[in-house]
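Novice:
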Amino acid sequence: MKHDQKSYTVKEALQKLMHYCAYRDRSQKEVEDKLDELRMIPEAKEKIIISLMQENFLNEERFARSFVRGKFRIKKWGRIKITQELKKKEISAPIIKLGLSEIKESDYRKTLYELAEKKADKITEPNPYKKKKKLADHFLRRGYESTLVFDCVNDIID
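Residue numbers (the numbering used here): 15 to 172.
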């Protein structure tokens, strides 16, 4: 055991985690990982997580919704990539679905088309088929659905 590692009471750990969750929404997995870092025993972890949920510091649905909004608005990710990232954070399928409801279909399509127009201008490929493939691959990597990507690419490059 390291000498510089402090041990925390349940009350101290709860205070720390309240600040951690108040700073920005967290997933339950992030909170559990943080409690592991603080070397809390399972009984203490459970007690703290229940308290955080009761006090509404920890709310998976709120976390999923804010995660989706942020990744879509700021990073311009598609639903597939957002879903994969939420699954890595151990968010359940029904909560992921609720989170994704934060994206309006019209905004989603508009964003994809705007990004694709900008990106298409930057691709110097003279062959239209290769240009379409480069453009499509870019948006598939960003997590947009293939049918949407192909429709968009075909609309933009003729």
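Built from N, CA and C at the ideal position, the CB exists for glycine as well.
1) Thinking E60 and I105 are a contact (beta carbons under 8 Å), I'd like their distance in whole angstroms, please.
2) DSSP three-state call for E69: helix, strand or coil?
3) Can we say the segment 84-100 touches the segment 154-165, given the rule of at least three CB pairs closer than 8 Å?
4) To which residues of the same chain is L72 closer than 7 Å at the C-beta, ignoring the five residues directly before and after it?
5) If you draw a straight line from the alpha carbon of N70 to that of K111, how long is it in whole angstroms?
6) If we count the other Cβ atoms within 10 Å of its Cβ and call it buried at 16 or more, is K146 buried or exposed?
7) Closest to S80 by CA distance: which of E116, K89 and K102 is it?
Specialist: Considering the structure as presented:
1) Their Cβ separation, rounded to whole angstroms, is 19 Å, which puts E60 and I105 out of contact at 8 Å.
2) It is coil, neither helix nor strand.
3) Yes: the two stretches touch, three or more of their Cβ pairs being nearer than 8 Å.
4) Excluding residues within five positions, the ones whose Cβ falls inside 7 Å are C35, R40, Q42, V45, I63 and L66.
5) Rounded to whole angstroms, N70 to K111 spans 21 Å at the Cα level.
6) The residue is buried, with at least 16 neighbouring Cβ atoms inside 10 Å.
7) Closest by alpha carbon: E116.
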